[in-house]
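Numbering (our numbering), first residue to last: 595 to 955.
Okay, structure coming up:
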């Protein structure tokens with residue numbers, strides 16, 4: 595059975611991407627926008643770019659952080675580290691230090707002078723690629739066709755070592771299916787982890803901590819919110835089911851930690867960073883409420899009922915049950931969190947606009 599890579603890639607990608615932020619200097623450029631952003635001028639220092647799509651056409655003189663909901667194309671050379679997160683990623687330029695990359699489809703076509711840490715669904719190292727250090731790759735399908743001058747540690751469902759592949763160090767792989775071509779060269783040791791297939795127990799899993807503490811608290815917050823702000827919560831729940839909310843939620847999940855780390859660069863920004871970090875943790879916890887209420891609305895609509903409190907209780911309880919199901923719960927939980935985060939941003943924006951219209955602010 596395939597691993598739940600799609601549901602885990604985002605979290606793993608976020609962890610190592612944020613790890614790359616520590617190398618940023620205190621002086622860097624930021625480009626952002628809800629569109630495709632093309633960098634067609636040479637950047638002397640570090641660069642952070644966030645957009646619907648990202649294209650780097652010229653050289654970057656320092657570190658690069660690129661975040662996108664769609665495609666990221668790196669054609670220029672990056673002098674230091676490159677930290678990339680997107681849906682489809684193509685690296686054609688030379689990376690002067692480490693490459694940390696997370697997405698669905700990842701392709702490396704040139705030289706990386708140090709190590710590579712990649713997390714994705716399909717990860718391909720082309721025949722012309724050369725990695726100066728170690729490679730750690732976690733994906734569903736991984737293909738190596740170039741040279742790796744260090745060790746390679748591969749965790750995937752499928753591994754292909756092409757005839758042109760050369761690994762100067764050791765190869766360790768934890769895969770379901772490996773296809774090592776006769777022309778592939780591994781100069782170090784080859785070791786494989788033998789997998790023991792375990793049956794997934796049918797039924798539900800109810801961690802006691804969630805039953806006793808987390809879930810009742812979430813339900814109580816949902817009920818109180820519906821009682822105190824019925825119109826706002828009702829509109830927010832209806833908004834939660836949209837691609838726009840999903841996309842904004844994804845950007846929120848990625849961008850807020852970046853902002854927090856940027857604030858920690860200065861002493862004055864540390865208190866604000868701490869407050870924002872606490873708010874971020876709380877928002878991740880309560881974000882699922884909106885999706886739960888939306889779910890409840892759809893359920894009671896089938897019984898020709900229209901009661902926000904009833905929809906809140908039914909929806910949140912049903913969502914809790916779904917989150918307890920092995921495999922399905924993890925995927926739905928991520929989906930519900932992203933939708934909820936996006937809804938929170940949209941509601942805040944709409945509320946601000948309405949308050950401004952009636953001159954309350």
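Just so you know, even glycine gets a beta-carbon here, dropped at the ideal spot from N, CA and C. Since this is a predicted model, take the numbers as computed values, not measurements.
A direct Cα-Cα distance of roughly 15 Å separates residue 708 from residue 658.
Taking all protein chains shown into account, residue 732 has 16 or more neighbouring C-beta atoms within 10 Å of its C-beta and is therefore buried. Close CB contacts of residue 758 within its chain, under the 6 Å cut and outside five residues either way in sequence, are with 721 and 739 (chain order).
Three or more Cβ pairs drawn from the segment 688–696 and the segment 711–718 lie within less than 8 Å of each other, which places the two stretches in contact. Taking C-alpha positions only, residue 847 is separated from residue 938 by approximately 12 Å.
The segment 631–640 and the segment 653–667 touch, with no fewer than 3 CB-CB distances between them shorter than 8 Å. Secondary structure note for residue 869: its alpha helix (DSSP H) is the uninterrupted segment 864–880.
For the pair residue 845 and residue 646, the Cα-to-Cα distance works out to about 10 Å. Taking residue 742 as the centre and dropping the five residues before and after it, the same chain places the C-beta of 725, 729 and 761 closer than 6 Å to its C-beta, in chain order. DSSP places residue 778 in the coil class of the three-state scheme, outside both helix and strand. Excluding residues up to 5 positions away in sequence, 766 lie with their Cβ nearer than 6 Å to the Cβ of residue 785 in the same chain. Counting the other Cβ atoms within 10 Å of the Cβ of residue 649 gives 16 or more, which makes it buried. For residue 652 and residue 685, the gap between their C-alpha atoms comes out near 13 Å.
Residue state for residue 759 is assigned as coil, using DSSP reduced to three classes. Secondary structure note for residue 854: its alpha helix (DSSP H) is the uninterrupted segment 837–857.
Burial is judged here by how many other beta carbons sit within 10 angstroms of a residue's own beta carbon; residue 701 has at least 16 and is buried. Beta bridge pairing from DSSP links residue 901 with no other residue. In the structure shown, residue 686 falls within a coil segment according to DSSP collapsed to helix, strand and coil.
DSSP places residue 699 in the strand class (E or B) of the three-state scheme. In the displayed model, residue 924 falls within a helix according to three-state DSSP. Annotation for residue 710: 693, 725 and 729 place their beta carbon closer than 6 Å to its own, counting only its chain and skipping 5 residues before and after. Less than 8 Å separates the beta-carbon of residue 908 from that of residue 894.
Here residue 930 is near residue 885, since their CB atoms are less than 8 Å apart.
In the DSSP annotation of this structure, the continuous segment of the beta strand (DSSP E) that includes residue 649 starts and ends at 640–650. Inter-residue distance for residue 780 and residue 678 is about 28 Å (C-alpha atoms, whole angstroms).
Going by beta carbons, residue 768 and residue 749 fall inside the 8 Å limit. In this structure, residue 841 lies away from residue 682, with their beta-carbon atoms at least 8 Å apart.
By the 16-neighbour rule on beta-carbons within 10 angstroms, residue 869 is exposed. Annotated as distal: residue 936 and residue 882, with beta-carbon spacing of 8 Å or more.
Residue burial annotation: residue 776 is exposed, with fewer than 16 other C-beta atoms found within 10 angstroms of its C-beta. In this structure, DSSP gives residue 632 an extended state, which the three-state scheme calls strand.
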